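Participant: Got a structure for you, written out below as structure tokens; questions coming shortly.
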Amino acid sequence: MTVRDRTPRIVIFDSGVGSLSIGAEIHALLPSLDLLYVMDRGGFPYGLWQEQALVEHICQKVHEVLRAQSADMLVMACNSASTAVLPALREQLSIPVVGVVPAIKPAAAHSRSRVIGLLATPGTVARPYTAKLIADFAPDCCVIPVGSAELAPAVEALFWHGDDAPQVWRGIAEQFHCHPRAAEMDTVVLACTHFPLVKDQLARQLPKLAWIDSGQAIARRVQQLLLDQGWQPTPVPGRQFLRLLGAREPSEVLSQRLGERGIVLSGH
Numbered sequence: 007m008t009v010r011d012r013t014p015r016i017v018i019f020d021s022g023v024g025s026l027s028i029g030a031e032i033h034a035l036l037p038s039l040d041l042l043y044v045m046d047r048g049g050f051p052y053g054l055w056q057e058q059a060l061v062e063h064i065c066q067k068v069h070e071v072l073r074a075q076s077a078d079m080l081v082m083a084c085n086s087a088s089t090a091v092l093p094a095l096r097e098q099l100s101i102p103v104v105g106v107v108p109a110i111k112p113a114a115a116h117s118r119s120r121v122i123g124l125l126a127t128p129g130t131v132a133r134p135y136t137a138k139l140i141a142d143f144a145p146d147c148c149v150i151p152v153g154s155a156e157l158a159p160a161v162e163a164l165f166w167h168g169d170d171a172p173q174v175w176r177g178i179a180e181q182f183h184c185h186p187r188a189a190e191m192d193t194v195v196l197a198c199t200h201f202p203l204v205k206d207q208l209a210r211q212l213p214k215l216a217w218i219d220s221g222q223a224i225a226r227r228v229q230q231l232l233l234d235q236g237w238q239p240t241p242v243p244g245r246q247f248l249r250l251l252g253a254r255e256p257s258e259v260l261s262q263r264l265g266e267r268g269i270v271l272s273g274h
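Rendered as structure tokens:
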């Protein structure tokens, strides 16, 4: 049976709640899909792993998930992991694998001042792949990089425990303001899937900026891959499930946030 004949199931894989930002865009564009959000709590945060160890860890966990739950597509919803692990996953899996990369290209297209902020994990800021994206798609732009090791954990704490971290949001703004061309910056790339979840908090610290992430582009890519396989959307709404790795169950705070999104805990 192909995706022509049934509801496709998409696995959205991340070390934490970053999968929610990508899944929200996929669900908004393609509400008839079944989505399985996988949070690899035991691996969080991916940005601090050595590359080869990360590849081995994620491949093992992905195979573990797919043995328990068949899927039609895998979305690796993490910038830090995507550039490292996508080649191995695509070699090992028979289903399409979609990765997330920093949205440098749309940010450069949007910016009028040609001064762009890049907010990412330290690993993503340092990767040669990111430098190549800038060289290819924003060669005439001044890109101000801020590599934060604190922001993704702060987002996790907010979604799991309700812990607000105004000092972290302020700290991001202060790091951008240290750059001599910060006043010219008109666009910021959110190059970690956790970061769109606190876009409002960041925007209060850095107002009047455009905040650009990869979520909508990923949703369109998923749509195109399914259409290429002959899938046609239906009016029947899809289901959304969560599977936790390295944790038994979501906290009360996270359960409430999941419920607001129509996501239920998977039995697998």
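Sequence positions in the sequence shown follow the numbering used here and run 7 to 274. Every residue, glycine too, gets a C-beta built ideally from N, C-alpha and C. If you're wondering where the values come from, they're calculated on a predicted model, not measured in any experiment.
1) In three-state terms, what does DSSP make of Ile224?
2) May I ask you to report which of helix, strand or coil DSSP gives Val104?
3) Cα separation between Ala109 and Ser220?
4) Tell me whether Ala77 sits in a helix, a strand or coil according to DSSP, three-state version.
5) Since Leu251 contacts Asp20 with CB under 8 Å, what's their CB separation in whole angstroms?
6) Here's a check: name, in chain order, each residue in its chain whose Cβ is nearer than 6 Å to the Cβ of Ile32, leaving out the five neighbours to either side.
7) What does the Cβ neighbour count give for Gln246, buried or exposed, with the cut at 16 atoms within 10 Å?
8) Determine contact between the stretch 149-162 and the stretch 118-128, defined as no fewer than three beta-carbon pairs at a distance below 8 Å.
9) If we call anything under 7 Å between Cβ atoms a contact, is Arg133 one with Asp78?
10) Check whether the Cβ atoms of Gly53 and Thr136 lie closer than 7 Å to each other.
11) In terms of residue numbering, what span does the beta strand (DSSP E) encompassing Gly153 cover?
12) From which residue to which residue does the alpha helix (DSSP H) around Ala5 run?
13) Based on DSSP bridge pairs, tell me the residues matched to Asp40.
14) State yes or no: is the C-beta of Tyr43 within less than 7 Å of the C-beta of Ile18?
Facilitator: In brief:
1) helix
2) strand
3) 5 Å
4) Here Ala77 carries a coil assignment [DSSP, helix/strand/coil].
5) Leu251 to Asp20, Cβ: 11 Å. No contact.
6) Ala225, Val228
7) buried
8) Flag = yes, the stretch 149-162 and the stretch 118-128 touch.
9) no
10) Between Gly53 and Thr136, the gap from beta carbon to beta carbon reaches 7 Å or more.
11) Its beta strand (DSSP E) spans residues 148-153.
12) Lying outside 7 to 274, the shown extent of the chain, residue 5 is not represented and no answer is given.
13) Arg15
14) By the CB criterion at 7 Å, Tyr43 and Ile18 fall inside the cutoff.
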